[in-house]
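Undergrad:
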Amino acid sequence: MPMKDYYQLTKPGIIGGNAITVVAGFLLASGGDVDCGLMIATLVGLSLVVASGCVMNNYIDRDIDGMMERTKNRALVIGTITPRNALIYGKVLAIFGLGVLAFYTNLLTTAMAVLGLFVYVVVYSLWLKRTSTHGTIVGSISGAMPPVVGYLAVSGSIDLGAVILFFILSLWQMPHSFTIAIYRLEDYIKAGIPVLPAKKGILVTKIQTLIYIALFVMATFALPVFGYTGYEYLLVMVILGLGWLGLSASGFYSTNNKLWARNMFVYSIAILVVFSIMIAIEGF
131 MPMKDYYQLT KPGIIGGNAI TVVAGFLLAS GGDVDCGLMI ATLVGLSLVV ASGCVMNNYI
191 DRDIDGMMER TKNRALVIGT ITPRNALIYG KVLAIFGLGV LAFYTNLLTT AMAVLGLFVY
251 VVVYSLWLKR TSTHGTIVGS ISGAMPPVVG YLAVSGSIDL GAVILFFILS LWQMPHSFTI
311 AIYRLEDYIK AGIPVLPAKK GILVTKIQTL IYIALFVMAT FALPVFGYTG YEYLLVMVIL
371 GLGWLGLSAS GFYSTNNKLW ARNMFVYSIA ILVVFSIMIA IEGF
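Residue numbering for the sequence shown follows the numbering used here, starting at 131 and increasing by one per position.
#1: Below 8 Å on the Cβ atoms is my guess for I332 versus I312; work out the distance and round it to an integer in Å.
#2: The alpha helix (DSSP H) with N215 in it runs from where to where?
#3: Assuming W302 is part of the alpha helix (DSSP H), what are its boundary residues?
#4: Find out if the Cβ-Cβ distance for the pair A265, L256 is shorter than 7 Å.
#5: I'd like to know if the segment 188-196 and the segment 155-172 are in contact, where contact means that at least 3 CB-CB pairs between them fall below 8 Å.
#6: Between S124 and the rest of its own chain, which residues show a CB-CB distance below 6 Å, the 5 nearest in sequence each way excluded?
#7: Assign V293 to buried or exposed, taking buried as 16 or more other Cβ atoms, counted over all protein chains shown, within 10 Å of its Cβ.
#8: Assign M197 to one of three DSSP states: helix, strand, or coil.
#9: Along the chain, where does the alpha helix (DSSP H) containing D165 start, and where does it finish?
#10: What does the alpha-carbon distance come out to for the pair G381 and Y397?
#11: Would you kindly work out how many angstroms separate the C-alpha atoms of T385 and S307, rounded to a whole number?
#12: Counting only the same chain and skipping the five closest in sequence on each side, list residues whose C-beta sits under 6 Å from that of Y358.
#13: Is the separation between the beta-carbon of S270 and that of M242 shorter than 7 Å?
#14: Between F156 and V278, how many whole angstroms is the CB-CB distance? I'm expecting something under 8 Å.
#15: Closer than 6 Å by C-beta to V249: which residues in its own chain qualify, once you throw out the five before and the five after it? Chain order, please.
#16: Count the other C-beta atoms from every protein chain shown that fall within 10 angstroms of the C-beta of R314, then say buried if there are 16 or more, exposed otherwise.
#17: What residue range does the alpha helix (DSSP H) around S384 cover?
#18: Between which residues of its own chain and K329 is the CB-CB distance below 7 Å, once the five residues before and five after are set aside?
#19: According to DSSP, is S285 part of a helix, a strand, or is it coil?
#20: Exposed or buried, what is E412 when buried is set at 16 or more other beta-carbons lying within 10 Å of its beta-carbon?
#21: Could you please give the first and the last residue of the uninterrupted alpha helix (DSSP H) stretch that includes N148?
#22: Is the beta carbon of G220 less than 7 Å from the beta carbon of S177?
#23: Relative to the C-alpha of L295, which residue among V253, A154 and V207 is closest?
#24: How far does the alpha helix (DSSP H) with T266 in it reach, from first residue to last?
#25: From what residue to what residue does the alpha helix (DSSP H) around Y363 run?
#26: Over what stretch of residues does the alpha helix (DSSP H) that includes G246 continue unbroken?
#27: When the distance is taken between beta carbons, is T309 closer than 7 Å to F226?
#28: For M367, count the other beta carbons within 10 Å of its own beta carbon; 16 or more makes it buried, fewer makes it exposed. Which is it?
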């Protein structure tokens with residue numbers, strides 16, 4: 131059995147990135163009183179759900195993955211894993227992940243995980259990814275769920291903090307996804323995926339990227355304004371936010387869109403990690 135292929139099918143990098151935000155949301159809601167057992171259960175459960183979504187996405191995208199340079203050697207494309215086995219694998223991961231969340235956390239947390247999985251697999255992967263430039267917006271909903279799940283595992287109810295986290299991560303997803311689309315534009319065009327730069331052009335995408343970053347930066351200010359974090363967090367996010375805005379604006383003068391998009395992608399990951407660390411620290 132190609133165990134490495136099954137592991138890669140879950141997209142470990144995506145699981146790792148989401149794990150950071152889950153823990154950050156959990157610690158922010160904990161306010162210094164951390165239930166380590168609950169945190170581990172939440173992390174394991176949500177990671178399994180994310181893994182399920184990634185496997186299902188690979189299953190759904192196996193036809194277009196074969197058209198793109200970046201994904202043409204994935205297990206479902208070259209046949210080292212059969213579609214049937216991948217589908218079973220994805221379902222098992224979802225059952226175990228949601229089971230862990232249902233047993234150890236609460237109904238609301240589990241429901242949010244179900245919603246995120248449904249949006250990613252059904253609404254985004256099965257439908258909008260192939261039919262509309264708005265797929266990115268809908269996909270951002272599922273991408274924003276992990277920190278909310280972590281937060282709700284502690285709070286047990288949707289309060290302003292959970293709402294702010296949702297909007298921050300949703301807004302972060304947009305420029306992150308747009309720059310990936312620019313960087314991999316040839317692949318997306320070849321596969322017929324209607325990403326924004328393919329349909330509206332790179333200039334329009336750069337303008338929207340700048341707008342969403344500005345909205346993201348403003349959204350991050352809501353946490354200290356409403357007393358969820360302190361001034362240290364605010365200072366760091368102001369500096370990093372202005373840096374991201376500056377890098378985004380430099381794209382209008384860039385002569386190498388791929389290099390600019392790659393730098394933007396790296397910066398988006400860095401700012402998400404630092405944001406997560408800062409709100410986790412503020413939780414103490």
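For every residue, glycine included, the Cβ atom is placed at its ideal position computed from N, Cα and C. Note that this is a predicted model, so its numbers are computed, not measured.
TA: This is what the structure gives:
#1: Here residue 332 refers to the residue found at position 202 of the sequence shown. Here residue 312 refers to the residue found at position 182 of the sequence shown. Going by Cβ atoms, the distance from I332 to I312 rounds to 6 Å, so yes, they are a contact pair.
#2: One-based indexing of the sequence shown puts residue 215 at position 85. P213 to Y234 is the extent of the alpha helix (DSSP H) around N215.
#3: Here residue 302 refers to the residue found at position 172 of the sequence shown. Looking at the DSSP string, the run of the alpha helix (DSSP H) that includes W302 is L290 to Y313.
#4: As a first step, residue 265 is located in the sequence shown; it is residue number 135 there, counting from the start. As a first step, residue 256 is located in the sequence shown; it is residue number 126 there, counting from the start. Residue identity differs from the one stated: residue 265 is Gly in this sequence, not Ala. Not in contact: G265 and L256 (Cβ atoms no closer than 7 Å).
#5: no
#6: No answer is possible for residue 124: the residues shown for the chain start at 131 and end at 414.
#7: As a working note, residue 293 is residue 163 in the sequence shown. So V293 counts as exposed.
#8: For this step, residue 197 is matched to residue 67 along the sequence shown. M197 falls in the coil class under three-state DSSP.
#9: Walking along the sequence shown from the start, residue 165 turns up at place 35. Note, D165: premise wrong, no alpha helix (DSSP H); not H, not E.
#10: For the purposes of this step, residue 381 is taken as the residue at position 251 of the sequence shown. For the purposes of this step, residue 397 is taken as the residue at position 267 of the sequence shown. Looking at the two C-alpha atoms, the distance is approximately 13 Å.
#11: Mapped onto the sequence shown, residue 385 falls at position 255. Mapped onto the sequence shown, residue 307 falls at position 177. Taking the straight line from one Cα to the other gives about 21 Å.
#12: In the sequence shown, residue 358 corresponds to position 228, counting from 1. Cβ neighbours of Y358 beyond the five flanking positions: G291.
#13: Here residue 270 corresponds to residue number 140 of the sequence shown, with the count starting at 1. Here residue 242 corresponds to residue number 112 of the sequence shown, with the count starting at 1. Cβ atoms of S270 and M242: not closer than 7 Å.
#14: Numbered from 1 along the sequence shown, position 26 holds the residue referred to as residue 156. Numbered from 1 along the sequence shown, position 148 holds the residue referred to as residue 278. Not really, about 10 Å apart at Cβ, beyond 8 Å.
#15: Within the sequence shown, the letter at position 119 stands for residue 249. Closer than 6 Å at Cβ, skipping near neighbours: I271 and S272.
#16: Along the sequence shown, read from residue 1 onward, the residue named residue 314 stands at position 184. Flag for R314 reads buried.
#17: Here the question's residue 384 lines up with position 254 in the sequence shown. Counting along the chain, S384 falls outside any alpha helix (DSSP H), and DSSP gives it neither H nor E.
#18: Counting from one through the sequence shown, the residue named residue 329 turns up at place 199. T263, listed in sequence order.
#19: One-based indexing of the sequence shown puts residue 285 at position 155. If DSSP states are grouped into helix, strand and coil, S285 belongs with the helices.
#20: What you label residue 412 is simply residue 282 of the sequence shown in a count that begins at 1. Buried is the call here.
#21: What you label residue 148 is simply residue 18 of the sequence shown in a count that begins at 1. Counting along the chain, the alpha helix (DSSP H) containing N148 begins and ends at P142 to S160.
#22: As a position in the sequence shown, residue 220 is number 90, starting the count at 1. As a position in the sequence shown, residue 177 is number 47, starting the count at 1. No, the pair does not count as a contact, with Cβ atoms beyond the cut-off.
#23: By one-based count along the sequence shown, residue 295 stands at place 165. Checked all of V253, A154 and V207; the closest Cα to L295 is A154.
#24: Residue 266 sits at position 136 when you count from the first residue of the sequence shown. First-last of the alpha helix (DSSP H) with T266: G265 to G273.
#25: Translated into the one-based positions of the sequence shown, residue 363 becomes position 233. It spans Y361 to S380 - the alpha helix (DSSP H) in which Y363 sits, taken as one unbroken run.
#26: The sequence position of residue 246 within the sequence shown is 116, counting from 1. Counting along the chain, the alpha helix (DSSP H) containing G246 begins and ends at L237 to F248.
#27: On the sequence shown, residue 226 is found 96 positions in, with the first residue counted as 1. On the sequence shown, residue 309 is found 179 positions in, with the first residue counted as 1. Contact flag unset, no.
#28: For the purposes of this step, residue 367 is taken as residue 237 along the sequence shown, with counting starting at 1. Its Cβ being crowded by 16 or more others within 10 Å, M367 is buried.
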